[in-house]
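In the numbering used here, the protein residues as written are 0 to 195. Inspection log for the structure reproduced underneath, given as structure tokens.
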């Protein structure tokens with residue numbers, strides 16, 4: 000089991016850095032300190048290894064979101080908090096960044112990273128709409144789509160930050176996303192926190 004996990008962890012870092020096409024199994028084996036024979040014992044093909052990385056990214060995401068407090072916060076705030084937690088995961092977890100990237104690079108697979116969170120975000124936006132937290136012209140499906148696009152941008156930003164480790168950034172990906180949501184809230188229902 001440790002060998003399999005070491006391979007998945009090494010593959011997550013490689014897929015994150017180089018994408019599906021740019022990742023070589025030899026580099027994964029070197030990074031994991033494992034022979035090619037051990038890799039093929041656990042994974043018959045690169046596709047299987049990528050599937051395992053995507054599954055791990057989804058699992059990490061679901062576990063983190065399950066740990067978010069339900070609380071009394073308005074649905075709109077809970078939806079935004081959920082996306083901020085996703086951004087934190089994208090910054091911290093190579094498997095999550097890889098799962099997001101591989102979802103775009105391998106759309107024919109049934110392992111989309113967004114499947115771990117997008118329905119929940121949309122439900123929260125629908126609840127916010129029903130409760131009058133959104134302007135009547137704002138559609139929950141549009142906010143869910145916006146969230147998806149924001150996560151793609153956050154993923155790219157988080158990967159760039161990871162590759163440029165040690166450089167001084169004024170804002171993290173999470174901070175930047177928080178500022179974007181503050182701006183969006185003015186347009187969808189008034190100033191952040193106002194009347195909500």
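Just so it is clear, CB atoms sit at the ideal spot from N, CA and C, and this is done for glycine as well.
Does DSSP put residue 34 in a helix, in a strand, or in coil?
coil
Between which two residues does the alpha helix (DSSP H) carrying residue 144 extend?
139-162
Option nearest residue 85 by Cα separation, candidates 177, 38, 140, 183:
Closest by alpha carbon: 177.
Measure the C-alpha to C-alpha separation of residue 41 and residue 54 and round it to an integer number of angstroms.
15 angstroms
Relative to the C-alpha of residue 11, which candidate in 2, 27, 1 has its C-alpha closest?
27
Expected contact under 8 angstroms - CB spacing of residue 48 and residue 6 to nearest Å
7 angstroms
Residue 131 by DSSP, collapsed to three states: which one?
When DSSP states are grouped into helix, strand and coil, residue 131 belongs to the coil group.
If you draw a straight line from the C-alpha of residue 97 to the C-alpha of residue 46, how long is it?
Between the alpha carbons of residue 97 and residue 46 lies a distance of about 13 angstroms.
Given this structure, state the Cα-to-Cα distance separating residue 100 from residue 70, to the nearest angstrom.
Going by the C-alpha atoms only, they are around 32 angstroms apart.
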